[in-house]
Amino acid sequence: MARAAQAVINLAAIEHNFKLAQSLAPTAKAMAIVKADAYGHGAVAVAKKLEGTADAFGVACIEEAVELREAGIKAPVLLLEGFFSADELPLIAEMGFWTALHSVHQVEMIRDAKLAKPIHVWPKIDSGMHRLGLNAQEAVEVYHQLSAMACVEKIVMMSHMACADELDNPMSQQQIAFFDSAVSGLGVEHSLANSPSILSLENARRDWMRCGLMIYGATPFPQAHPVADKLKPAMSFTTEVIAIREVPEGECVGYAASFKCDKVRKIGTIAIGYADGYDRHIGNGSPILVNGQRTIVAGRVSMDMVTVDLTDIEGAQLGSLVELWGENLSVCEVAEAASTIPYTLFTGVSKRVPRKYINR
Ligand SMILES: *Cc1c(COP(=O)(O)O)cnc(C)c1O
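Counting from 1, position 280 in the sequence shown corresponds to residue 272 in this note's numbering; the numbering is continuous, with no gaps.
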């Protein structure tokens, strides 16, 4: 018997969620963002499932793009953070990757690269997030410079939204207005929308939607949302109970003795820990499912084990199934209990956890 911790990935749910994104703007093209190993879901498996449905894939860097090509993925792959040094450009051209471009000095790099095949370039405009991108004047200049280059086949102007997960934040429309004014008259394709924008900002969907978190079935919003609530969770992070003990009233459980038994309690130990990506900030009292019933984490998360309260759980025994998050316990709820976001929980699921793929 092997350690039971695993992440069950439902590829059919990912396809459902991607098609939900597409249905919101049927004439737009939709990119599936599979950076960071598809937010922990397995980039190759997700890309294989969506190839033919997705118009392109998005990754953070060339290493992630090469992984897809080596696995046989032929669809376009966009490097969302662009290239970091000029020596990546020949490979970008050869493997047919598309690249973001966020700084004027990168235009020279492309011009000087003497590429054998023309590339697609996505200049990124800083529309207010102030993390990466060109200002409005640079964007127009870069557009005209790239347009004149034989080694540039296509240009898509992009930007990134800072606050779209806050439904009434006026910054989103300010960013869109800034972008529109910067690109006005260029007659070029646009890409603005990440998951929260795809779900909630009709005028951000444009020519290319960049679908990340939502395809993994987690809502980016803290509140209920009519479309986001149709997403299906794709990852069920599960393990089993490996030990059970009765702990007397007044005794404490785990490191720092942070869970004190107010009466005799039945404490279960489960095979998962922060080294698996069950974040240590998922503290005492956080929700967890045992045998399909809700209970709480009792005490601190250890590296390889977690203790949970089984006192009121019917039928709890050695081998009982534990769901850390997934189909029956929202990753968003667990993230909130840990003062974090589903993105960090998903990307934190470590290499030690085997991924098991299902389609239903
Ligand atoms: C990661 C990323 C996305 C996807 O964002 P989600 O909120 O996960 O949908 C979109 N665009 C860029 C540039 C990104 O880096």
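For glycine and all other residues, C-beta sits at the position ideal for the given N, C-alpha and C. Please read these numbers as outputs of a predicted model, since none were measured by experiment.
| said: Quick test of your reading: Leu71 and Val51, contact by CB under 8 Å. State the CB separation rounded to the nearest angstrom. | reply: With a Cβ gap of about 6 Å, Leu71 and Val51 count as contacting.
| message | Considering only heavy atoms of ligand 3, does any lie closer than 7 Å to the CB of Ile25? | response | With respect to ligand 3, the structure offers nothing, as its ligand set consists of ligand 1.
| request: May I ask whether a heavy atom of ligand 1 can be found less than 7 Å away from the beta carbon of Gly318? | output: Every heavy atom of ligand 1 is 7 Å or more from the Cβ of Gly318, so no.
| request: Can you give me the start and stop residues for the alpha helix (DSSP H) that Asp221 sits inside? | output: Neither: Asp221 is in no alpha helix (DSSP H) and is coded neither H nor E.
| Exposed unless 16 or more other CB atoms sit within 10 angstroms - verdict on Tyr365 | The displayed coordinates of the chain run from -7 to 352. Any statement about residue 365 would go beyond what the structure contains.
| field | Whole-number beta carbon distance between Pro188 and Glu145, since they are thought to touch under 8 Å | value | The Cβ separation is near 31 Å, so there is no contact.
| query | Just how far apart, CA to CA, sit Val36 and Glu7? | reply | C-alpha separation (whole angstroms): 14 Å.
| Does DSSP classify Met19 as helix, strand or coil? | Rather than Met, the amino acid found at residue 19 in this sequence is Thr. Per DSSP, reduced to three states, the secondary structure at Thr19 is coil, with no helix or strand assignment.
| Identity of the residues DSSP links to Lys11 by a beta bridge | DSSP output for Lys11 lists no bridge partner at all.
| Ala48 bridges to which residues according to DSSP? | Beta-bridge pairing links Ala48 to Met23.
| request: Using 10 angstroms around the beta-carbon of Ala63, count the other beta-carbons present and answer buried if the total reaches 16, otherwise exposed. | output: By the 10 Å Cβ count, Ala63 comes out exposed.
| message | Quick check: the Cα distance between Ile350 and Lys224, rounded to an integer number of angstroms? | response | So the alpha carbons of these two residues sit roughly 14 Å apart.
| Taking the Cβ atom as the reference point for each residue, do Ile259 and Arg292 lie within a distance shorter than 8 Å? | No, they are not a contact pair.
| Which ranges does the beta strand (DSSP E) cover as unbroken runs of at least 3 residues, wholly within the stretch 242 to 275, from first to last along the chain? | Fully contained in the stretch 242 to 275 are the following beta strand (DSSP E) runs of length 3 or more, in chain order: 257 to 262.
| said: Check this for me: beta carbons of Ala(-3) and Thr231, under 8 Å apart or not? | reply: Yes, they are a contact pair.
| task | Please report how far the alpha carbon of Val298 lies from the alpha carbon of Gly284, in whole angstroms. | result | Each residue's Cα considered, the two are about 17 Å apart.
| field | Neighbourhood of Val96 by C-beta distance below 8 Å, restricted to the same chain and skipping five residues each side | value | Excluding positions up to five away in sequence, the list reads Leu126, Glu130, Glu133 and Val134.
| Cβ pair count under 8 Å reaching 3, the stretch 184 to 204 against the stretch 13 to 27 | Short answer: they touch.
| Close Cβ partners of Gln166 (< 7 Å) along its chain, the five nearest in sequence each way excluded | Excluding the 5 residues flanking it on each side, Gln166 has same chain C-beta neighbours closer than 7 Å at Gly120, in chain order.
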